[in-house]
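Heads up, the thing below is written out as structure tokens.
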Amino acid sequence: MKSLQASHNPLSNSFIQLEVLNTGDETISSLPKFSEKLRALGLFPLKPLNINTLQINVGKMCNQTCKHCHVDAGPDRKEIMTRETMQQCLDILASTSIQTVDLTGGAPEMNPDFRWFVEEISKLGRKIIVRCNLTIIVANKKYNDLPEFFKTHRVEVISSLPYYSSHKTDAQRGEGVFNDSLKALQLLNAAGYGVEGSGLILNLVYNPSGAFLPPPQGSLESDFKRELKLRFNIFFNELFAITNLPVSRFLDYLMVSGNYDGYMEKLVNSFNPEAAQNVMCRSMISIGWDGYLYDCDFNQMLDLKINHGLPDHIKNFNTEQLNQREIVINQHCYGCTAGAGSSCGGEIV
Amino acid sequence: MQIDRDTASALKLNPMKTYYDPADLKKFGNISDFQPELAKKFFDYYGEVFKDGALTAREKSLIALAVAHTVQCPYCIDAYASDCLEKGSNEEQMMEAIHVAAAIRGGASLVHGVQMMNKVKELSM
Chain L
2 MKSLQASHNP LSNSFIQLEV LNTGDETISS LPKFSEKLRA LGLFPLKPLN INTLQINVGK
62 MCNQTCKHCH VDAGPDRKEI MTRETMQQCL DILASTSIQT VDLTGGAPEM NPDFRWFVEE
122 ISKLGRKIIV RCNLTIIVAN KKYNDLPEFF KTHRVEVISS LPYYSSHKTD AQRGEGVFND
182 SLKALQLLNA AGYGVEGSGL ILNLVYNPSG AFLPPPQGSL ESDFKRELKL RFNIFFNELF
242 AITNLPVSRF LDYLMVSGNY DGYMEKLVNS FNPEAAQNVM CRSMISIGWD GYLYDCDFNQ
302 MLDLKINHGL PDHIKNFNTE QLNQREIVIN QHCYGCTAGA GSSCGGEIV
Chain Z
4 MQIDRDTASA LKLNPMKTYY DPADLKKFGN ISDFQPELAK KFFDYYGEVF KDGALTAREK
64 SLIALAVAHT VQCPYCIDAY ASDCLEKGSN EEQMMEAIHV AAAIRGGASL VHGVQMMNKV
124 KELSM
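Chains L and Z are the protein sequences, given in the same order. Be aware that the first sequence starts at 2, since it is given in this note's numbering, and climbs by one per residue. Be aware that the second sequence starts at 4, since it is given in this note's numbering, and climbs by one per residue.
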């Protein structure tokens, strides 16, 4: 499967995605604006609480081409963060008290400077999260030692596993992904990840394999723990249930499958004011592969940079100004406020 | 099949050609337009019924799915197929719930076979 960009799909253009999200057809254009919902709660303009996380997208290259990927990542994407931009991120970390660095991609491990970057962040004593797609660990011999590398730097591993059976996992992430993910999970467990008392954190991510909202996180976590242990003797720490946002390839899926209008209505009708208070963009900055700054990874993929005249590149990073910024919102934000809410760490209510 | 002029005219005025329109599901709440007090009582009750209780919300959704198939309500089938997924049930569990409905429906017919047998025995030498 090719990326939207490689297949010249109009939705690879962020401007067209925003058009679809805002005007679409009669149903879409009649939906209330996200800004109106926030205004009614006294939350507009949306302001940050405190920046405690830098989420850094080190590139769009990936060994998988998942159907729901909001990054439109894949083997045909060549955008990769340079060591120079990584160094700029390190300089910012060294000069601020931001405690957590969340590395994502694509498959972040495919960036040739990934290990150097992790080592340097580790020297700064910050918490490191790597969003590992699991299959990269078994994709090539040179990645087989990743669990040991992660262990050395006390990296917290967060990995997607849509279900504890192959059917749903492979339907979303590609043929054979489930079996390769199991092999990778077993290697992570063997290194101590997800094992009680090891202190090595392995969290899993559940995304719905279709146009519906995630089930309650707690009960789903119990199911995953029971079934993964029973069927494959696999252990993990927590399960994060994350809503699919109508961005990029998931937006394309919604439109092609005829689910777009219904899904957007569902997100809007499930708007939860409590979730709106806790959205992740209030406590993070997202950095793109080319060093530009965004309020979140989804805004990054819609090319909605930090706005309102603020410096929007890592070379001009200004914590004080960023803490005062107005967060850029749009209709896709309903994905983070539906039901129990959603963030890169799962439910937020 | 021939249709008379009046029927043809009525169809022209009313383009709905089936009794069920999927778009009507989201208008369910509109039943309060004609009778608000009873609708409110119903929807309040409905909301309470499906909350976690002695049974989990997930179990209740599976029961609703099975009942939806028994009463053959297409709106309920759409609603609870979606709801079951969002409560964390999988396809296998959902189909087993429908088999429970089917077994009871089939069994309900067959168990009346005893009544038929009783009657036959009553009438026979």
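Built from N, CA and C at the ideal position, the CB exists for glycine as well. Nothing here was measured: the structure is a model prediction, and the numbers come from that model.
Asked                                                                                                                     : Found
Any C-beta of chain L under 8 Å from that of Arg61/Z                                                                      : yes
Residue-chain proximity (Leu58/Z, chain L), Cβ-Cβ < 8 Å                                                                   : no
Residue from Ser249/L, Ile57/L, Asn260/L with nearest C-alpha to Phe115/L                                                 : Ile57/L
Residues within the segment 72-89 of chain Z neighbouring chain L, beta-carbon criterion of under 8 Å                     : Ser85, Leu88, Glu89
Residue-chain proximity (Ser343/L, chain Z), Cβ-Cβ < 8 Å                                                                  : no
Beta-bridge pairing of Ala242/L - partner residues as DSSP gives them                                                     : Tyr207/L
Backbone secondary structure at Ser344/L - three-state DSSP                                                               : strand
Stretch pair the segment 119-136 of chain L + the segment 163-172 of chain L: three plus CB contacts closer than 8 Å      : no
CB contact check: Phe213/L to chain Z, cutoff 8 Å                                                                         : yes
Integer Cβ distance of Leu105/Z from Leu68/Z, believed to fall under 8 Å                                                  : Contrary to the premise, residue 105/Z reads as Ala rather than Leu in this sequence. The pair is not a contact, with the Cβ atoms about 12 Å apart (cut-off 8 Å).
Test item: CB-CB of Ala192/L and Asp77/L under 8 Å                                                                        : no
Separation of Val103/Z from Met62/L, as counted between CA atoms                                                          : 47 Å
Length of the line joining the Cα atoms of Ala82/Z and Val52/Z                                                            : 16 Å
Alpha carbon of Ala108/L to alpha carbon of Arg132/L, nearest angstrom                                                    : 8 Å
Proximal residues of chain Z, C-beta to C-beta of Asp224/L below 7 Å                                                      : Gly91
Whole runs of the beta strand (DSSP E) within the segment 126-172 of chain L, excluding any shorter than 3 residues       : 128-132, 157-161
8 Å Cβ cutoff, Ser30/L in contact with chain Z                                                                            : no
Reference Arg326/L; option with closest CA among Lys306/L, Leu205/L, Met2/L, Arg227/L                                     : Lys306/L
Neighbourhood of Met4/Z by C-beta, 7 Å cutoff - its chain only, sequence neighbours within 5 removed                      : At Met4/Z, the pLDDT of 46 sits below 50, so the modelled position is not reliable; the number obtained from the coordinates is stated separately. Within the same chain, Met4/Z has no close Cβ partners at all.
The segment 153-173 of chain L: positions lying closer than 7 Å to chain Z by Cβ                                          : none
Per-residue contacts from Ser8/L into chain Z (C-beta, under 9 Å)                                                         : Within chain Z, no residue comes near Ser8/L; the closest Cβ sits about 29 Å away, beyond 9 Å.
8 Å Cβ cutoff, Pro217/L in contact with chain Z                                                                           : yes
Chain Z within 8 Å of Leu221/L, Cβ atoms only                                                                             : yes
The segment 155-170 of chain L touching the segment 200-209 of chain L, judged by at least three CB pairs closer than 8 Å : yes
Segment limits, beta strand (DSSP E) that includes Ile288/L                                                               : 285-288
Own chain, CB closer than 6 Å to Arg84/L, minus 5 neighbours either side, in chain order                                  : Asp114
Same chain, Cβ closer than 6 Å to Ser343/L, neighbours up to 5 away in sequence not counted                               : Ile243, Thr244, Cys337
C-beta contact flag for Ser35/Z and Lys44/Z at 8 Å                                                                        : no
Neighbourhood of Gln322/L by C-beta distance below 8 Å, restricted to the same chain and skipping five residues each side : Leu311, Pro312
Alpha-carbon to alpha-carbon, Cys70/L and Asn317/L                                                                        : 30 Å
Burial state of His9/L (16 or more Cβ within 10 Å)                                                                        : exposed
Nearest candidate by alpha-carbon position, reference Asp73/L, set Tyr293/L, Gln278/L, Asp253/L, Ala341/L                 : Asp253/L
Touch test, the segment 296-306 of chain L against the segment 257-274 of chain L, Cβ-Cβ under 8 Å, three pairs minimum   : no
Contact check, Asp181/L vs Thr136/L, beta carbons under 8 Å                                                               : yes
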